[in-house]
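*Asks:* Dumping the structure here so I can ask a few things about it.
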Amino acid sequence: MFRFPEGFVWGTATAAYQVEGAATEDGRTPSIWDTFAATPGAVRNGDTGAVACDHYHRLDTDLDLIAQLGVDAYRFSISWPRVMPEPGQVNQKGLDFYRRLVDGLHERGVTPFVTLYHWDLPQYLEDRGGWVARETAQRFAEYADVVHDALADGVADWTTLNEPWVSAWLGYGYGLHAPGRAEPAAALAATHHLLLGHGLAAEAIRHRDPAARVGITLNLSPVAPATDDPADQAAARRMDGQLNRLFLDPLRRGHYPADVVELYRPVSDFAFVHDGDLATIATPLDFLGVNYYRPNLAADEPAGTDPLAAGVRLPPDVARTAMEWPIQPEGLTEMLLRLQQEYGPLPLYVTENGAAFHDYLDPAGHVNDPQRIAYLDAHLRAAHVALGQGVDLRGYFVWSLLDNFEWAEGYGRRFGLVYVEYGSQRRVPKASAGWYRDVVRANGLT
Ligand code: IFM
1450 MFRFPEGFVW GTATAAYQVE GAATEDGRTP SIWDTFAATP GAVRNGDTGA VACDHYHRLD
1510 TDLDLIAQLG VDAYRFSISW PRVMPEPGQV NQKGLDFYRR LVDGLHERGV TPFVTLYHWD
1570 LPQYLEDRGG WVARETAQRF AEYADVVHDA LADGVADWTT LNEPWVSAWL GYGYGLHAPG
1630 RAEPAAALAA THHLLLGHGL AAEAIRHRDP AARVGITLNL SPVAPATDDP ADQAAARRMD
1690 GQLNRLFLDP LRRGHYPADV VELYRPVSDF AFVHDGDLAT IATPLDFLGV NYYRPNLAAD
1750 EPAGTDPLAA GVRLPPDVAR TAMEWPIQPE GLTEMLLRLQ QEYGPLPLYV TENGAAFHDY
1810 LDPAGHVNDP QRIAYLDAHL RAAHVALGQG VDLRGYFVWS LLDNFEWAEG YGRRFGLVYV
1870 EYGSQRRVPK ASAGWYRDVV RANGLT
């Protein structure tokens, strides 16, 4: 029996733009994702988050689905342009939605875990430079203050940012996510201002509420060289630097990794780093959230899209998800152990883990998803191995509660425990939902 410790938090998660819809209702203004999704060719199939899972109008149904899973906690994000639709303006109707969400969770015995930023920057801030502009970090702290003020009596666990690597590098470095810029120098400045925003927001929340638990969630993934060739080994070090250490080192050690700074010197003078910033960024964390999906294999690729970093290779002969991501649960054990050894001691949560597969509703009205059950089962065992080796892992959240808008991949990639039939908005819990409910009830796997 793979039992988890007493008090281990079992959860599931979503993010505002991926599920809410109601993009123009009750005062919400566009985020960078509304703009990006409206750009021809940016999102597969021209999909947008305008309706998504219509969660904004189906809150009670979705709260009941969460309750049926029997989870302890639900991780969701707040839509910044719903809460602050114009510079300096607070939208009470937007806050009211999250109040109902927090209250509805408590009524069902579920603890809310709030993420303040899951990629939906107000477009009015992007128009002033977005995360490349230092001002955005300050605006983020003000927004954190507003949300905290409205929800603090119902929320103890606050995550500032979700996956700042994705915001900075997919959004500003490679142009694959909103706002669609492809300039490494912009990605570096965005990285710094996101981390600064995290630090300022954490300080703002703690100033108001010393008992608040404040953390950040990173997408972390071990990187191995594709071959023994020293060039590939160097590429793996570069990729690990950009993906993992560029975020972990400033947050946990108060400095950027020297090799990554050297790597990017030709494109940036790092003048955006001001005195005192790194002390703010390294403000103590109450927890670190880890989003784990896959490991990476790096190959030297001087002529690739990111010649300064490395090319990604897929390991041969390894099963993959519908995202083409290789399935390697040992990577989760490896990452959790590394965090404990190199960056600990620190309470950790797996704030996201899950997989997309080609799910479909069968004629009997069921969604049978044995591959997802196998994926989650294997990753929970991998997390359990890390626990057994002393890692301070406090909880695990399945991504995601619902099938939803998978960013540049649109609705074609289904990560949910619950199937969403988008035309009718009917929800059908998949076989994995029943499996997860049993795991939570037993507090482990047999
Ligand atoms: O859907 C995303 C989520 O928004 C952030 N982490 C990864 C998930 C799957 O790609």
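Heads up: the sequence shown begins at 1450 in my numbering, then just goes up one per residue. All C-beta atoms, glycine included, are put in the ideal place defined by N, C-alpha and C. Just so you know, these numbers come straight off a predicted model, no measurement behind them.
Do residue 1465 and residue 1606 have their beta-carbon atoms positioned less than 8 Å apart in this structure?
*Replies:* It is not a contact, given that the beta carbons lie outside the stated cut-off.
*Asks:* By DSSP, does residue 1517 sit in helix, in strand, or in coil?
*Replies:* Three-state result, residue 1517: helix.
*Asks:* Determine the closest residue to residue 1856 out of 1588, 1546, 1626 and 1534, with distance taken between C-alpha atoms.
*Replies:* Of 1588, 1546, 1626 and 1534, the residue nearest in Cα terms is 1626.
*Asks:* Grab the span of the beta strand (DSSP E) containing residue 1674 for me, first residue to last.
*Replies:* Residue 1674 -> beta strand (DSSP E) spans 1672-1674.
*Asks:* Does the Cβ of residue 1864 lie closer than 7 Å to at least one heavy atom of the ligand IFM?
*Replies:* Yes, the ligand IFM has a heavy atom inside 7 Å of this Cβ.
*Asks:* For the region 1746-1762 and the region 1686-1700, state whether three or more C-beta atom pairs, one from each stretch, are separated by less than 8 Å.
*Replies:* Touching, per the Cβ criterion.
*Asks:* Using a Cβ-based criterion (distance less than 7 Å to any ligand heavy atom), does residue 1855 qualify as near the ligand IFM?
*Replies:* Answer for residue 1855: yes, Cβ within range of the ligand IFM.
*Asks:* Rounding to the nearest angstrom, what Cα-Cα distance links residue 1836 and residue 1700 in this structure?
*Replies:* Going from the Cα of residue 1836 to the Cα of residue 1700 covers about 23 Å.
*Asks:* DSSP puts residue 1664 in a beta bridge; with which residues?
*Replies:* Answer by DSSP bridge pairing, in chain order: 1608 and 1736.
*Asks:* Check residue 1699 in the structure and name its three-state DSSP category.
*Replies:* Correct three-state label for residue 1699: helix.
*Asks:* Can residue 1567 be considered in contact with the ligand IFM, in the sense that its beta carbon sits closer than 7 Å to one or more heavy atoms?
*Replies:* It does: the Cβ of residue 1567 is within 7 Å (strictly closer) of some heavy atom of the ligand IFM.
*Asks:* List the DSSP bridge partners of residue 1484.
*Replies:* Looking at the DSSP assignment, residue 1484 forms no beta bridge with any residue, so it has no partner.
*Asks:* Buried or exposed for residue 1538, please, with buried defined as at least 16 other CB atoms from any protein chain shown within 10 angstroms of its CB.
*Replies:* Exposed: under 16 other Cβ atoms inside 10 Å.
*Asks:* Measure from the alpha carbon of residue 1883 to the alpha carbon of each residue in 1620, 1650 and 1850, then state which is nearest.
*Replies:* The residue with the shortest Cα to Cα distance from residue 1883 is 1850.
*Asks:* Using 10 angstroms around the beta-carbon of residue 1705, count the other beta-carbons present and answer buried if the total reaches 16, otherwise exposed.
*Replies:* Result: buried.
*Asks:* What residue from 1665, 1520 and 1571 has the CA that sits closest to residue 1533's CA?
*Replies:* Of the listed residues, the one whose Cα sits closest to residue 1533 is 1571.
*Asks:* If we ignore side chains and look at the alpha-carbon of each, how far apart do residue 1768 and residue 1803 end up?
*Replies:* If you take the alpha carbons of residue 1768 and residue 1803, they lie about 14 Å apart.
*Asks:* Use the C-beta contact count for residue 1745: other C-beta atoms within 10 angstroms, 16 or more gives buried, fewer gives exposed.
*Replies:* With 16 or more Cβ atoms within 10 Å of its Cβ, residue 1745 is classed as buried.
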